[in-house]
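Trainee: Residue numbers (my numbering), protein chains in the order written: chain A, 2 to 229; chain B, 2 to 229.
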Ligand SMILES: Nc1ncnc2c1ncn2[C@@H]1O[C@H](COP(=O)(O)OP(=O)(O)OP(=O)(O)O)[C@@H](O)[C@H]1O
Ligand SMILES: Nc1ncnc2c1ncn2[C@@H]1O[C@H](COP(=O)(O)OP(=O)(O)OP(=O)(O)O)[C@@H](O)[C@H]1O
Ligand SMILES: [Mg+2]
Ligand SMILES: [Mg+2]
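(1) In its own chain, which residues sit with a C-beta less than 6 angstroms from the C-beta of residue 193 of chain A, not counting the 5 before and 5 after it?
(2) Using the beta-carbon of each residue, which ones in chain A are nearer than 7 angstroms to residue 56 of chain B?
(3) Confirm, please, whether the CB-CB distance from residue 127 of chain B to residue 159 of chain B is below 8 angstroms.
(4) Please report the straight-line C-alpha distance between residue 67 of chain B and residue 203 of chain B, rounded to a whole angstrom.
(5) What number of angstroms, rounded off, separates the C-alpha of residue 28 of chain B from the C-alpha of residue 79 of chain A?
(6) Mind pulling the chain B residues with CB within less than 8 angstroms of residue 172 of chain A?
(7) Threshold first: 4 residues or longer. Then list the alpha helix (DSSP H) segments lying entirely within the segment 131-161 of chain B, N to C.
(8) By a C-beta neighbour count over all protein chains shown, 10 Å radius and 16 as the cutoff for buried, is residue 60 of chain A buried or exposed?
(9) Let me know if residue 168 of chain B comes out buried or exposed under the rule of 16 or more other beta-carbons within 10 Å of its beta-carbon.
(10) Heavy atom of ligand 3 less than 7 angstroms from the Cβ of residue 145 of chain B, yes or no?
(11) Give me the chain B residues within the contact set of residue 38 of chain A, using Cβ-Cβ distance strictly less than 8 angstroms, ordered along the chain.
(12) Near residue 214 of chain A, which residues of its chain fall below 6 angstroms by C-beta distance, leaving aside the five closest residues on each side in sequence?
(13) Please report the distance separating the alpha-carbon of residue 138 of chain B from that of residue 36 of chain A.
(14) Give the residues of chain B in contact with residue 46 of chain A, contact being defined as C-beta atoms less than 9 angstroms apart.
(15) Quick check on the burial criterion: 16 or more other C-beta atoms within 10 angstroms. Buried or exposed for residue 77 of chain B?
(16) Got a sec, what are the start and stop residues for the beta strand (DSSP E) residue 164 of chain B sits in?
(17) With 8 angstroms set as the bound, which would you pick, yes or no: does the beta-carbon of residue 74 of chain A sit closer than that to a beta-carbon of chain B?
(18) Is residue 132 of chain A closer than 8 angstroms to residue 156 of chain A when the C-beta atoms are compared?
(19) Which runs of the alpha helix (DSSP H), 4 residues or longer, sit entirely within the segment 56-122 of chain B?
(20) Contact between the segment 86-102 of chain A and the segment 136-155 of chain A: three or more CB pairs below 8 angstroms?
(21) Cα separation between residue 224 of chain B and residue 211 of chain B?
(22) Nearest CA to the CA of residue 172 of chain A: which residue from B:90, B:12, B:70?
(23) Taking only beta-carbon atoms, is residue 12 of chain B less than 8 angstroms away from chain A?
(24) Quick check on residue 48 of chain B: does DSSP put it in helix, strand or coil?
(25) Could you please tell me which residues of the segment 176-198 of chain B, in chain order, have their CB closer than 9 angstroms to any CB of chain A?
(26) Between the C-alpha atoms of residue 188 of chain A and residue 93 of chain A, what's the straight-line distance to the nearest angstrom?
(27) State the start and end residues of the unbroken alpha helix (DSSP H) segment that holds residue 39 of chain B.
(28) Using a threshold of 7 angstroms, is the CB atom of residue 21 of chain A nearer than that to any non-hydrogen atom of ligand 2?
(29) When the distance is taken between beta carbons, is residue 34 of chain B closer than 8 angstroms to residue 209 of chain B?
(30) Any heavy atom of ligand 3 inside 7 angstroms of the beta-carbon of residue 46 of chain A?
(31) Would you mind stating whether residue 1 of chain B and residue 56 of chain B have Cβ atoms separated by less than 8 angstroms?
(32) Give the single residue among A:11, A:42, A:87 whose Cα lies nearest to the Cα of residue 161 of chain A.
(33) For a test of the three-state rule: what should DSSP assign to residue 203 of chain B, helix, strand or coil?
(34) Out of B:153, B:198, B:216, state which residue places its alpha-carbon closest to the alpha-carbon of residue 52 of chain B.
(35) What are the uninterrupted segments assigned as beta strand (DSSP E) that are 3 or more residues long and contained completely in the segment 168-196 of chain A, given in chain order?
(36) Output the distance between the C-alpha atoms of residue 16 of chain B and residue 166 of chain B, rounded to the nearest integer angstrom.
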């Protein structure tokens, strides 16, 4: 469902060029649960942005569900994202001065769902991450870990085919992290949700089936995880 | 050096009131290294904001270096912060469209240091967190963990008496986290830097001497850590 071939992403040119991705090959099949780890600055978020059709590689091929992404217009890529991908950004990217509920509803607005249906689905998504009591709070009135969970709820509310989660538990205590990871694993095992998750915590990576280790823009290792 | 007595912080009133802090007592002596842990939403960042003179409690007393903080004007509190406290925010709070170097120089501008001296100190601070090669990049061109490290460098560049760090390794791989924690421990042991650090990772909390566990706005436990 995701096929990256010799993907590179270079910022700048000449001496100061940064090879954020330096020729990566990656194949993800439907229903897989993959963890990506690696040092700070090794290209994990850049890889996620390419996979999520948010960034265009400098070279190489990317086929998403069989479609050559390079051949799509910006609008077509936006449609692809909105219908198939739920994205948890490393920095959450919530709308300020907008309630948690409205933030979570956003993907459903894009899909043209009616107001009553949207609110119901958004409240359920917030309940799944333990935040129904904070539905009316905007991000400025939420703790760091609560903002993170709103971002997770938003990524899942539209029942996407693929979830891309960049450090989804980076600001969560261990107990809440485990609850979130158990939920994600359930969505993967029972719902067939394909998950690619960046994490720096080995205990969270174990919920995935396969571990990709990145170093300096390349994939250094690609192997099964020990599991839970 | 930090004395909180029966500190409460309530948001809102009546039924929807949120007791973010619900009567906490805490004494921190000069040179201590304290870790704060607890569930998401338990009041850790709120406690840090009160300690850092960024937020005023609803009730209780706060004495910072013997001074009643409630009796200070806003300008006096800002002076206190700029001279004595280095703060790493949970969301970093870097200036956008401003280079890493200029972000780190900011505390020194407040202290009236000359340009050449500021740049030298800022470059050294960036080198200590492994980012001298990224000095010219603004936050939009830095990875999540690089932004986090710029925030850490900025907190330390002015050689503060007290460092307040809210999840300083939340987006860092284990190896980089350990390097940062070793550096902080050195500053504490050799430099006498007082450190209060929120973390959700037990392995990082072990670098501290004492662990405070918060639940629902209260301090549930206050005990020594097992150490490294
Ligand atoms: N401005 C506000 N208005 C109302 N409630 C607020 C406001 N700011 C924070 N809160 C609430 O206060 C509680 C404590 O927040 P705080 O940010 O201190 O938690 P925390 O322990 O740092 O959590 P995390 O580990 O997720 O960062 C949370 O439940 C949050 O929803
Ligand atoms: N717009 C840009 N211009 C120049 N360099 C950039 C830009 N964006 C990112 N980089 C660089 O590309 C490299 C990879 O960044 P990326 O965000 O993918 O790392 P990462 O593995 O996600 O790191 P972290 O674990 O810290 O989040 C970094 O060294 C970063 O400085
Ligand atoms: Mg990243
Ligand atoms: Mg917090």
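For every residue, glycine included, the Cβ atom is placed at its ideal position computed from N, Cα and C. Only a predicted model underlies this, so the values are computations on that prediction, with no experimental measurement involved.
Mentor: The relevant details are as follows:
(1) Along the first chain, read from residue 1 onward, the residue named residue 193 of chain A stands at position 192. Closer than 6 angstroms at the Cβ level, and outside the excluded window around residue 193 of chain A, lie 32.
(2) For the purposes of this step, residue 56 of chain B is taken as residue 55 along the second chain, with counting starting at 1. By Cβ distance, chain A contributes nothing, its closest Cβ being about 13 angstroms from residue 56 of chain B, past 7 angstroms.
(3) Within the second chain, the letter at position 158 stands for residue 159 of chain B. Within the second chain, the letter at position 126 stands for residue 127 of chain B. Against a cut-off of 8 angstroms, the Cβ pair of residue 127 of chain B and residue 159 of chain B comes out as no contact.
(4) Sequence index remark: in the second chain, residue 67 of chain B carries index 66 (1-based). Sequence index remark: in the second chain, residue 203 of chain B carries index 202 (1-based). In a straight line, the C-alpha of residue 67 of chain B is about 32 angstroms away from that of residue 203 of chain B.
(5) Start at 1 with the first residue of the second chain, and residue 28 of chain B comes out as number 27. Start at 1 with the first residue of the first chain, and residue 79 of chain A comes out as number 78. Their Cα atoms are separated by approximately 53 angstroms.
(6) The residue labelled residue 172 of chain A in the question sits at position 171 within the first chain. Correct list: 41, 91, 168, 171, 201.
(7) 145-157
(8) Reading the first chain from its first residue, position 59 is the one you call residue 60 of chain A. Classification for residue 60 of chain A: exposed.
(9) Locating residue 168 of chain B in the second chain gives position 167, counting from the first residue. Counting Cβ neighbours within 10 Å, residue 168 of chain B comes out buried, since at least 16 surround it.
(10) By one-based count along the second chain, residue 145 of chain B stands at place 144. Answer for residue 145 of chain B: yes, Cβ within range of ligand 3.
(11) Numbered from 1 along the first chain, position 37 holds the residue referred to as residue 38 of chain A. 174, listed in chain order.
(12) By 1-based counting over the first chain, the position of residue 214 of chain A is 213. So the list reads 38, 39, 221, 222, once near-sequence residues are dropped.
(13) By 1-based counting over the second chain, the position of residue 138 of chain B is 137. By 1-based counting over the first chain, the position of residue 36 of chain A is 35. Taking the straight line joining both Cα atoms gives about 28 angstroms.
(14) Here residue 46 of chain A refers to the residue found at position 45 when the first chain is read from its first residue. Within 9 angstroms Cβ-Cβ: 144, 145.
(15) Within the second chain, numbered from 1, the residue matching residue 77 of chain B stands at position 76. Exposed, because fewer than 16 other Cβ atoms sit within 10 Å of the Cβ of residue 77 of chain B.
(16) For the purposes of this step, residue 164 of chain B is identified with residue 163 of the second chain, where counting begins at 1. Segment 163-167, the beta strand (DSSP E) holding residue 164 of chain B.
(17) As a first step, residue 74 of chain A is located in the first chain; it is residue number 73 there, counting from the start. It does not: the Cβ of residue 74 of chain A has no partner Cβ on chain B nearer than 8 angstroms.
(18) Counted from its first residue, the first chain places residue 156 of chain A at position 155. Counted from its first residue, the first chain places residue 132 of chain A at position 131. No, the Cβ-Cβ distance between residue 156 of chain A and residue 132 of chain A is not below 8 angstroms.
(19) 75-85, 101-111
(20) yes
(21) The sequence position of residue 224 of chain B within the second chain is 223, counting from 1. The sequence position of residue 211 of chain B within the second chain is 210, counting from 1. The alpha-carbon atoms of residue 224 of chain B and residue 211 of chain B are separated by roughly 6 angstroms.
(22) Within the first chain, numbered from 1, the residue matching residue 172 of chain A stands at position 171. For residue 172 of chain A, the nearest C-alpha among the options comes from B:90.
(23) Counting from 1 along the second chain, the entry for residue 12 of chain B is found at position 11. Closer than 8 angstroms to some Cβ of chain A, the Cβ of residue 12 of chain B qualifies, so yes.
(24) On the second chain, residue 48 of chain B is found 47 positions in, with the first residue counted as 1. DSSP places residue 48 of chain B in helix when its eight states are reduced to three.
(25) 176, 177, 178
(26) Numbered from its first residue, the first chain carries residue 188 of chain A at position 187. Numbered from its first residue, the first chain carries residue 93 of chain A at position 92. The alpha-carbon atoms of residue 188 of chain A and residue 93 of chain A are separated by roughly 21 angstroms.
(27) Within the second chain, the letter at position 38 stands for residue 39 of chain B. Note, residue 39 of chain B: premise wrong, no alpha helix (DSSP H); not H, not E.
(28) The residue given as residue 21 of chain A occupies position 20 in the first chain. Result yes, Cβ under 7 angstroms from ligand 2.
(29) Start at 1 with the first residue of the second chain, and residue 209 of chain B comes out as number 208. Start at 1 with the first residue of the second chain, and residue 34 of chain B comes out as number 33. Yes, they are a contact pair.
(30) Position 45 of the first chain, counted from the first residue, corresponds to residue 46 of chain A. Under cutoff, so the answer is yes.
(31) Examination of residue 1 of chain B is not possible in this model, given that chain B is present from 2 through 229 alone.
(32) Within the first chain, the letter at position 160 stands for residue 161 of chain A. Minimum Cα distance to residue 161 of chain A is reached at A:87.
(33) On the second chain, position 202 is the one that residue 203 of chain B refers to. Reduced to three states, the DSSP call for residue 203 of chain B is helix.
(34) Here residue 52 of chain B refers to the residue found at position 51 when the second chain is read from its first residue. Checking every option, the nearest Cα to that of residue 52 of chain B belongs to B:198.
(35) none
(36) On the second chain, position 15 is the one that residue 16 of chain B refers to. On the second chain, position 165 is the one that residue 166 of chain B refers to. Rounded to whole angstroms, residue 16 of chain B to residue 166 of chain B spans 33 angstroms at the Cα level.
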